[in-house]
Amino acid sequence: MSEFVSRVGEFLGAGSTWQGSGSIPVRLWEHLWISTLSVLIAAVVILPPAVFIAHRRKGALLASSIVNIGRAVPSFGILAIAVLWFLGVVGLGPWLAFPALIALAAPPMFTNTVAAFETVPPGVVEAARGMGMTERRIITGVELPLALPVIMEGIRIAYVQVIATATLAALVAGPGLGRFIVDGFAKRRGEGELFTGAVLVALLAVSIEMAFSAFEKMVTPMGIRRAGNER
Amino acid sequence: MSFLAQADRALIDWGWIDRNSSPITDRLIEHLYLTVLAVVIGLVISVGLSMVALRYRRAYGPITAVTNIMFTIPSLALFALLVPFTGLTVLTAEIALVSYTLLIIIRNIVAGIDGVSPAVLEAADGMGYTRRRRFWKIEIPLAMPVIVAGLRIATVTTVGLVTVSAIIGLGGLGFYILRGLQTFFWTSVLVGTAGSVVIAVAFDVGFVFLERSLTPWLQRSRP
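Printed below as a string of structure tokens:
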């Protein structure tokens, strides 16, 4: 036990842990930008068609199939398949993880958007239509604000999932905090590096989750927030 | 670049699968073992925590908050966190895998019990059921579809997470995903991934039948 503590101390005490290309700040930054960019790309690609389909209340069956299939296919397998697939296209490097991360980020956003629009009461949409709102105005002015919390939840689930899978990407020379874990396993006395990396990944995932939960509450419109409290 | 040449080979090398059928079977059994063990232990712990949450309502918030944090920690990180303490063992894998099942199962047990209609409870009280008998004979059976749905989600999720435990030398069929990823060998990755999907679907179908047999009254009412 004391040996383990001294390993952690050794790793945290080393100069290279805090400065240089393999240091904690650099790895943390790599992890963050790779995850965030993947989620952003997936959002830009998937949210517009998702909103279009959800507005017509058409995606329910597709969404539930995606949920079921998504659960059965291991994300580790998707990562491995995407990596082998794109190896010839982009070569080894930070970009190799992107296709898998984008592919994993898109489904929760799609399914949550469809589910979010289902929660908008039909009467509200009808009232908006009766007031002479165009379909575009109904989407942007009525449905989206009411659906926003659940859509945000989808983005949060995607984000946390991407952070987890970006960690796995370190297995194939990927950058990010996963490197500490993979290198820690590979080194003979790497417990300190292994443990520190694991703590950092866990902290990152939990803080993103918490920040997003707070953000979700913020974007919940006053009207449905009050209704939610009454329940 | 030899790995590129290897990646260009035929997607599925049937000869390789044939030659490795015995270790693949062993990994399949390991996969089933790790999954079932995690879900069974997870169910036992969840039932206990759900009882606490149902008895003392104020405990439900903290229980879901803590299990949600466990659920959020990426699996690779959780395995790595435990390795300095429990080593490269089944115990390490199971602590992590069990902790992921808790949130799903507890949420469904509590939601299932909460979903029992108050009128049914009142009828049971009127018929002279004691609290304990009412719970086991009325509430649990009526909540069963929701509870089994939770077990189903937890099991299928666990099948996928087991693959990640390849990093600590276990992994079931995930062993082949990891090895294929490191050696850029398509067949290995596909055997691991497809095998895991087949196990997940098999459990999924099994749970549908289990749910039907546990709720005979729902089946009879259907024409």
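For the protein sequence lines, the chains are A and B, in the order given. Just so we're aligned, residue -8 is where the first sequence starts under my numbering, counting upward by one. Just so we're aligned, residue 2 is where the second sequence starts under my numbering, counting upward by one. Just so you know, even glycine gets a beta-carbon here, dropped at the ideal spot from N, CA and C. Predicted model, so just to flag it, every value in this text is computed and none were measured.
Buried or exposed by the 16-neighbour rule on C-beta atoms within 10 Å, applied to residue i
i        : result
M226(A)  : Any property of residue 226(A) remains undetermined from this structure, which presents chain A solely from -8 to 222.
I60(A)   : exposed
R20(B)   : exposed
I30(B)   : exposed
E(-6)(A) : exposed
A120(B)  : exposed
I13(B)   : exposed
L31(A)   : exposed
Y150(A)  : buried
E117(A)  : exposed
L3(A)    : exposed
L53(A)   : exposed
V210(A)  : exposed
S51(B)   : buried
V40(B)   : buried
T36(B)   : buried
A196(A)  : buried
F80(B)   : buried
W228(B)  : No statement about residue 228(B) is possible, as the shown extent of chain B runs from 2 to 224 and does not include it.
G175(B)  : buried
P24(B)   : exposed
V53(B)   : exposed
P85(B)   : buried
7 Å Cβ cutoff, residue i in contact with chain A
i       : result
L29(B)  : no
V40(B)  : no
S197(B) : yes
W187(B) : yes
A78(B)  : yes
V149(B) : no
V190(B) : yes
I114(B) : no
I70(B)  : yes
W17(B)  : no
P142(B) : no
T194(B) : yes
Proximity test, Cβ basis, 7 Å: residue i and chain B
i        : result
M45(A)   : One detail in the question is off: residue 45(A) reads as Ala in this sequence, not Met. Taking Cβ atoms only, chain B never reaches closer than 7 Å to A45(A), which makes this a no.
E1(A)    : no
I172(A)  : yes
L185(A)  : yes
E(-6)(A) : no
A189(A)  : yes
N220(A)  : Any reading at N220(A) is ruled out, since the residue's pLDDT is 42, under 50, leaving its predicted position unreliable.
Assumed close pair residue i, residue j - CB separation to whole angstroms, cut-off 8 Å
i       : j       : result
H32(B)  : G173(B) : 3 Å
F171(A) : R18(A)  : 7 Å
L75(A)  : F185(B) : 6 Å
Y101(B) : L162(B) : 6 Å
G227(A) : I154(B) : Chain A is shown from -8 up to 222; residue 227(A) falls before or after that span and cannot be answered.
A97(A)  : A33(A)  : 4 Å
L182(B) : V190(B) : 6 Å
I57(A)  : T102(A) : 6 Å
L1(B)   : I96(B)  : For chain B, the structure presents residues 2 to 224; residue 1(B) sits outside this window and is missing.
A41(A)  : T104(A) : 4 Å
G165(A) : P85(A)  : 7 Å
F77(A)  : L87(A)  : 6 Å
Residue-level contact to chain D via CB, residue i, 7 Å cutoff
i      : result
A81(B) : Absent from the structure is chain D; the protein chains it does hold are A and B.
(request) Anything in the stretch 144 to 164 of chain A with a Cβ closer than 7 Å to a Cβ of chain B? List those residues in chain order, please. (result) Within the stretch 144 to 164 of chain A, the qualifying residues are V151, I154, A155, T158, L159, L162, V163.
(request) Check each residue of the stretch 172 to 184 of chain B: if its Cβ is closer than 8 Å to any Cβ of chain A, include it; give the result in chain order. (result) Listed in sequence order: G175, I178, L179, G181, L182, Q183.
(message) If contact is defined by three or more beta carbon pairs under 8 Å, each pair taking one atom from either stretch, is the stretch 107 to 115 of chain A in contact with the stretch 131 to 143 of chain A?
(response) Yes: the two stretches touch, three or more of their Cβ pairs being nearer than 8 Å.
(request) Mind checking the stretch 104 to 133 of chain A against chain B and listing, in chain order, the residues whose C-beta falls within less than 7 Å of any C-beta there? (result) Flagged: no residues at all.
(message) With a threshold of 8 Å, are at least 3 pairs of Cβ atoms found where one atom belongs to the stretch 131 to 144 of chain B and the other to the stretch 70 to 90 of chain B?
(response) For the pair of segments examined, the stretch 131 to 144 of chain B was found not to touch the stretch 70 to 90 of chain B: the number of CB pairs separated by less than 8 Å stays below three.
(message) Give me the subset of the stretch 58 to 88 of chain A whose CB atoms are less than 8 Å from a CB atom of chain B, sorted by chain position.
(response) Within the stretch 58 to 88 of chain A, contact with chain B at the beta-carbon level (separation under 8 Å) is assigned to N59, R62, A63, V64, P65, S66, F67, G68, I69, L70, A71, I72, V74, L75, L78, G79.
(message) Three Cβ pairs or more, each shorter than 8 Å: is that satisfied between the stretch 165 to 185 of chain B and the stretch 90 to 100 of chain B?
(response) The stretch 165 to 185 of chain B, when compared against the stretch 90 to 100 of chain B, does touch it at the 8 Å Cβ threshold.
(message) Does the contact criterion of 3 or more C-beta pairs under 8 Å hold for the stretch 22 to 30 of chain A versus the stretch 145 to 157 of chain A?
(response) Output reads yes: the stretch 145 to 157 of chain A touches the stretch 22 to 30 of chain A.
(message) Using a Cβ distance threshold of 8 Å, determine whether the stretch 109 to 118 of chain B contacts the stretch 140 to 149 of chain B, with at least three qualifying pairs required.
(response) At 8 Å Cβ cutoff, the stretches touch.
(message) By the 7 Å beta-carbon criterion, what residues does the stretch 191 to 206 of chain A contribute toward chain B?
(response) For the stretch 191 to 206 of chain A, which is checked against every Cβ of chain B, the residues closer than 7 Å are V192, A193, A196, V197, E200.
(request) Pull out every residue of the stretch 6 to 38 of chain A whose Cβ sits closer than 8 Å to any Cβ of chain B, in chain order. (result) From the stretch 6 to 38 of chain A, no residue has a Cβ closer than 8 Å to chain B.
(message) With three or more C-beta pairs closer than 8 Å as the rule, is the stretch 157 to 171 of chain A touching the stretch 84 to 92 of chain A?
(response) The stretch 84 to 92 of chain A is in contact with the stretch 157 to 171 of chain A.
(request) Taking 8 Å as the threshold, find out whether the stretch 171 to 185 of chain A comes into contact with the stretch -7 to 0 of chain A through three or more Cβ pairs. (result) Touching, per the Cβ criterion.
(request) State whether the stretch 47 to 54 of chain B contacts the stretch 95 to 106 of chain B, with contact taken as three or more CB pairs (one from each stretch) at a distance under 8 Å. (result) Yes: the two stretches touch, three or more of their Cβ pairs being nearer than 8 Å.
(message) For the stretch 157 to 170 of chain B, list every residue whose C-beta sits within 9 Å of some C-beta in chain A, in sequence order.
(response) Listed in chain order, the positions of the stretch 157 to 170 of chain B with a beta carbon within less than 9 Å of a beta carbon of chain A are V157, T158, V160, G161, L162, V163, T164, V165, A167, I168, I169.
(request) Flag this pair as touching only if the stretch 210 to 218 of chain B and the stretch 145 to 152 of chain B have three or more C-beta atom pairs under 8 Å; answer yes or no. (result) With a cut-off of 8 Å, the stretch 145 to 152 of chain B and the stretch 210 to 218 of chain B count as touching, because enough Cβ pairs lie within range.
(request) Mind the definition here: the stretch 40 to 51 of chain A touches the stretch 118 to 138 of chain A only if three or more C-beta pairs lie below 8 Å; say whether that holds. (result) At 8 Å Cβ cutoff, the stretches touch.
(message) Could you check whether the stretch 198 to 207 of chain B touches the stretch 118 to 126 of chain B, counting it as contact only if at least three pairs of C-beta atoms, one from each stretch, sit closer than 8 Å?
(response) Touching, no.
(message) For the stretch 198 to 217 of chain B, list every residue whose C-beta sits within 8 Å of some C-beta in chain A, in sequence order.
(response) Cβ contacts with chain A come from V198, A201, V202, D205.
(message) Does the stretch 183 to 203 of chain B come into contact with the stretch 57 to 77 of chain A, if we say contact requires no fewer than three beta-carbon pairs (one atom in each stretch) closer than 8 Å?
(response) Yes, since at least three Cβ pairs between the stretch 183 to 203 of chain B and the stretch 57 to 77 of chain A fall closer than 8 Å, the two stretches touch.
(request) Report the residues of the stretch 47 to 72 of chain B with a CB closer than 7 Å to any CB of chain A, ordered along the chain. (result) Listed by position along the chain: I70.
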